[in-house]
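**Q**
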Amino acid sequence: MRVTIVGGGVIGLTTAYALINKGHEVDLFEQNDDVGMATSFANGGQLSYRYVSPLADAGVPWQAVGWMLKQNSPLRFRPRISLEQWRWCLQFLLACRSSVNQANTAHLLRLALHSQAVLHDWQAQFGLSDFAWRANGKMVVYRNGSHFNHAASKIAASSSQQVLTPQECVAAEPSLVDLAPQLQGGIFSPGDEVGDCYLFCQQLLQQLNAHPSFTLHTGQIVKELVVERGKVRGLKLANNEVAVDHLVMAAGMGSVGLLNKVGVKVPLYPLKGYSLTLPVADHATVPHTNVTDYDRKIVYARLDNQLRVAAMVDIGNASTAIDANRIASLRHQAQLSFPKAGDYQQAQAWAGLRPATPQGTPLLGNSGINNLWLNLGHGSLGFTLACASASCLTQLINNEPPPIALTGLQLN
Ligand SMILES: Cc1cc2nc3c(=O)[nH]c(=O)nc-3n(C[C@H](O)[C@H](O)[C@H](O)COP(=O)(O)OP(=O)(O)OC[C@H]3O[C@@H](n4cnc5c(N)ncnc54)[C@H](O)[C@@H]3O)c2cc1C
């Protein structure tokens, strides 16, 4: 079967990889001159397989009110005269109910654990590990006692996750020594992993390019989907039109307008985030594990000889321009937590738009149009969820049952 994909981020590339490995022919269209240059470029690097709770959670609306009053808080809300924004925010508020959060966490956890299994399977079969990948575990540390107690109370006795005192956090992750006096405790998930998402995209591409059934079309912006008699028949590009048999939309935020025009409404909204990447001189000064500073909503990951620091959610700002104040604040906070990590003045700043649904769960599967498929809306977890999303969608396109239940992960 010939399948066309729109979008060369981590979601489009893993989809291409899964399809090629199942014997399909794949054409991938990407507007940029290279793949992995948009939201998949300099994200937090966390393969956060066991820590998947969506942003929409009980208490977040109140916390957000406090954050909005502060100058440099983890979340910033810029109200717009936009029906789209208010509809998304209303749905987000509804998703904050704890019963809804629990259900969505369970859906994400199912997909995340499967994603880890698929990545390991691909690594065993095809040797995909040259992307600063390590199995290093994740430490979530808490400054606020009630947040820590709430998180600790959710850890089942049978779980492999460990609830640690500040001293135990430092024993497990010595680079936390400067932060420890401000901590109430931490939770360690030994099964989590790390990698550089851009390098992962490049490695997937290298293997795909070696395959005769794969064709990459870079520098090709898809302008419109051509739908006739209930099927997608083609893609309108800047200067020509190409025919399609099956089409997968994996263009992140770029999918919304294209789908809208053919009557498929997807509730995606861009949640802007920032990262810093700085060279590391001495590995002992930066975390070996992935570290999440829960109350500041900052994640830290060592990617070979670099430290990646990622954070912040700006709602109502759909540009990827770097906001100098946000970056200065991130640099300042990271420097307080890991002062000897490296030269923060040399850090590369980056901003990206998380393609997020209000519930934090992606949209996988059919769009309602016969041969039009969705692999979208992975929000803060696209790198983590990519392999499973690709493998589930491939099964659906093959008309085979998906390897895990897709309840809560499809367009209603
Ligand atoms: C600050 C930050 C930190 C993050 N940290 C993590 C993390 O630690 N772990 C994790 O799992 N996830 C993380 N994420 C989320 C993750 O980066 C995203 O979920 C993921 O990159 C989304 O991938 P994607 O392929 O859907 O989108 P993208 O990477 O944006 O790819 C979409 C592609 O489609 C192309 N495109 C769009 N429109 C068109 C068109 N009309 N024609 C042709 N091409 C088009 C774009 O150019 C782009 O290349 C983070 C995100 C941010 C912003």
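Going by full-length UniProt numbering, the final residue of the sequence shown carries number 412, and the count climbs one at a time with no gaps. Note that beta-carbon positions come from the ideal geometry of N, C-alpha and C, so glycine has one too.
#1: State the Cα-Cα distance for the pair Q202 and G36, rounded to the nearest angstrom.
#2: At a cut of 8 Å, does the segment 25-32 reach the segment 216-235 through at least three beta carbon pairs?
#3: Can you name, in chain order, every residue of its own chain whose Cβ lies under 8 Å from the Cβ of G66, other than the five neighbours on each side?
#4: Got a sec: does ligand 1 put a non-hydrogen atom nearer than 7 Å to the Cβ of P355?
#5: Within its chain, find whatever has a CB closer than 6 Å to the CB of G377; leave out the 5 residues flanking it on each side and keep chain order.
#6: I'd like the list of long-range same chain contacts for T394, defined as Cβ closer than 6 Å, with 5 residues on each side in sequence excluded.
#7: Could you tell me if W86 is buried or exposed, where buried requires 16 or more neighbouring beta carbons within 10 angstroms of its beta carbon?
#8: Taking only the alpha-carbon atoms, compute the straight-line gap between M312 and E228 and give it to the nearest angstrom.
#9: Using a 10 Å radius around the Cβ and a threshold of 16 neighbouring Cβ atoms, would you call F126 buried or exposed?
#10: Determine the closest residue to S159 out of S115, S255, R50 and A124, with distance taken between C-alpha atoms.
#11: Any chance the segment 179-188 sits against the segment 148-155, with 3 or more Cβ pairs inside 8 Å?
#12: Are the CB atoms of D293 and S255 within a distance shorter than 8 Å?
#13: Return the CA-CA distance between A386 and G59, expressed in angstroms with no decimal places.
#14: If the criterion is Cβ atoms closer than 8 Å, does the pair Q359 and A95 meet it?
#15: Less than 7 Å between the CB of V100 and some heavy atom of ligand 1, yes or no?
#16: Spell out the partners DSSP gives L363 in its beta bridges.
#17: Which one of A135, I298, M253 and S82 has the shortest CA to CA distance from Y142?
#18: Could you give the C-beta distance for D245 and N136, rounded to a whole number, given that I count them as a contact under 8 Å?
#19: I need the straight-line Cα distance from G352 to A251, nearest angstrom please.
**A** According to the structure shown:
#1: Q202 and G36 have their alpha carbons spaced roughly 7 Å apart.
#2: Using a C-beta cut-off of 8 Å, the segment 25-32 makes contact with the segment 216-235, since at least three inter-stretch Cβ pairs fall below that distance.
#3: Excluding sequence neighbours, G66 sits near S73.
#4: Proximity of the beta carbon of P355 to ligand 1 is indicated: a heavy atom of the ligand is located closer than 7 Å.
#5: Once the five neighbours on either side are set aside, the close Cβ partners of G377 are L268, P355, T357, P362 and L363.
#6: Excluding positions up to five away in sequence, the list reads A18, L19 and K22.
#7: Counting Cβ neighbours within 10 Å, W86 comes out exposed, since fewer than 16 surround it.
#8: Cα-Cα distance, rounded: 42 Å.
#9: Exposed is the call here.
#10: Nearest of S115, S255, R50 and A124 to S159, Cα basis: R50.
#11: With a cut-off of 8 Å, the segment 148-155 and the segment 179-188 count as touching, because enough Cβ pairs lie within range.
#12: The Cβ atoms of S255 and D293 lie no closer than 8 Å to each other.
#13: The alpha-carbon atoms of A386 and G59 are separated by roughly 29 Å.
#14: It is a contact, given that the beta carbons lie within the stated cut-off.
#15: No.
#16: Per DSSP, the beta-bridge partners of L363 are L376.
#17: Comparing Cα positions, the closest option is I298.
#18: Contact between D245 and N136 is ruled out by a C-beta separation of about 42 Å, above the 8 Å threshold.
#19: C-alpha of G352 to C-alpha of A251: approximately 14 Å in a straight line.
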